[in-house]
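Some notes on the structure that comes next.
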Amino acid sequence: MAMWIIFKSFSGLRSPLTLWVMKLGDVAGSGVGAGGGTGGAVRDAGGAMGKRGVVMEEQYFRKKEQEQLKQLRAKLRESNHVVGETALNAYLDSITSHEEHIREHQQEAAFHRDIILTHQDKVQYHEQQIVKHQDAISTLHAKIHSLAASPPSVHHQVE
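Quick note, the sequence shown lines up with residues -29 to -1, 1 to 130 if you use mature numbering (1 follows the signal peptide of the UniProt record, and there is no 0).
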């Protein structure tokens, strides 16, 4: 890390002199013995070439990291798409199953409607027969009343 140290010196009549000194230490590419060596011959030599090598290396790894992130995002999107397709297929299968059940229930309803219509016709026939027999009973009751009201000498023929 670069560290700036300010030295001020006063020498008699002279104005203060400020010197900026940059201490290079623990900086990659600064050379062996200065904390930035053992990264290859150029880096061991230090100087601008060593620092440039470090920058290029960092750029290389940053670029590789970005490529890996890009690939990871693409795989994630693809896996999300696959998961989405799987869920979509499950929903479509469920819809198909419900449609099959609807068809089965429609067939059953049609079958029972036919039975109901058949039985309605039979019910209507039997209701007509009931009315016919009730009319016959009413007629017979009327004849019984007429027999009871008539004199005993008159014989009615039973039909």
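Ideal Cβ placement from N, Cα and C applies to all residues, glycine included.
Using a 10 angstroms sphere on the CB of Lys22, the tally of other CB atoms reaches 16 or more, which defines it as buried. Under the three-state reduction of DSSP, Ser121 is assigned to coil, being neither helix nor strand. By the neighbour-count criterion, in which a residue is buried when 16 or more other Cβ atoms sit within 10 angstroms of its Cβ, Val26 is exposed. Just so you know, the alpha carbons of Leu63 and Glu71 end up roughly 12 Å apart. The C-alpha of Gln95 lies about 20 Å from the C-alpha of Phe82.
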